[in-house]
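K.L.:
Residue numbers (UniProt numbering): 1 to 253.
1) Where are the alpha helix (DSSP H) runs, 4 residues long or more, that stay fully inside the segment 1-49, in chain order?
2) How is the alpha helix (DSSP H) around residue 95 delimited, first residue to last?
3) Ends of the alpha helix (DSSP H) at residue 78?
4) Within the same chain, show all residues whose beta-carbon is closer than 6 Å to that of residue 209, passing over the 5 residues directly before and after it, in chain order.
5) Using a Cβ-Cβ cut-off of 6 Å (strictly less than) and excluding sequence neighbours within five positions of residue 65, which residues of its own chain qualify?
6) Closest to residue 3 by C-alpha separation, out of 205, 142 and 165, would be which residue?
7) Does the separation of the CB atoms of residue 198 and residue 214 fall below 7 Å?
8) So, is residue 103 buried or exposed, given that buried needs 16 or more other C-beta atoms within 10 angstroms?
9) Round the Cβ separation of residue 183 and residue 15 to the nearest angstrom and send it over; I've been treating them as touching at under 8 Å.
10) When you compare only the Cα positions, how much space is there between residue 179 and residue 237?
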């Protein structure tokens, strides 16, 4: 396995590839993303244990959506079973993914707890206001996002151990920080532009309530498109020793 250095402008390509891949199989990819979101909502309704199980499954679900993007990028129709890719690659790979899930859940609980301890529990803010507790929680989660950006894919496609995958993921994101910054900025601008367009449409057609009703499904579709683009950031950051991009789970290291 080799880490590739990419130019900052590659971040724009990741955004484009995510959009292009989504529109190759829009129904399948949107459906898979909504299946994941539905599972999250169902689990969140279960007190305490639901949130823990949901956190445990985040790495596996991330891998499933990345695998769906990989399938669509090769012209294939991703079936619902692709969401279970992490658990269909053998016991060792499934166990490693659950270890990642346990680490992610623990880290998220610690980050949220620290933010709550410092800034208090997040409050329902007035329109136009942003709760500093939410911002603090996001800041404390930032190291977690760095470590888990590539970790599920490294475990699945390169057979890297959970601990090493977290380290390699953080290193890859930091070494290619320019590309990831441009990538994040591109998606932020796309979300803001879409929100502005729907805000104007709502204002013309029927007011803020209509704009909000129109924006909700569009925001979910944009999130689905964003999830498609994550695969390409991994594909361009890591290759096999021979320079190839793995399409099947690799041997465990």
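Using N, Cα and C, we set each Cβ at its ideal position, and we do this for glycine too.
P.N.:
Well, looking at it:
1) Here the runs fully enclosed are 10-24 and 26-44.
2) On the chain shown, residue 95 is found 95 positions in, with the first residue counted as 1. That run of the alpha helix (DSSP H) goes 91-119.
3) Position 78 of the chain shown holds residue 78. It is not in any alpha helix (DSSP H) - residue 78 carries neither H nor E in the DSSP assignment.
4) Looking up residue 209 in the chain shown gives position 209. Closer than 6 Å at the Cβ level, and outside the excluded window around residue 209, lies no residue.
5) In the chain shown, counting from the first residue as 1, residue 65 sits at position 65. Sequence-distant partners of residue 65 (beyond 5 residues in either direction) whose C-beta falls short of 6 Å from its own C-beta, in its chain, are 227.
6) Working through the chain shown from its first residue, we reach residue 3 at position 3. The shortest CA-to-CA distance from residue 3 to any of 205, 142 and 165 is the one to 165.
7) Residue mapping note: residue 198 aligns to position 198 of the chain shown, counting from 1. Residue mapping note: residue 214 aligns to position 214 of the chain shown, counting from 1. Yes, they are a contact pair.
8) Within the chain shown, residue 103 is the residue found at index 103, counting from 1. Label assigned to residue 103: buried.
9) For the purposes of this step, residue 183 is taken as the residue at position 183 of the chain shown. For the purposes of this step, residue 15 is taken as the residue at position 15 of the chain shown. Confirmed, about 6 Å.
10) Locating residue 179 in the chain shown gives position 179, counting from the first residue. Locating residue 237 in the chain shown gives position 237, counting from the first residue. Using only the alpha carbons, I get a separation of about 10 Å.
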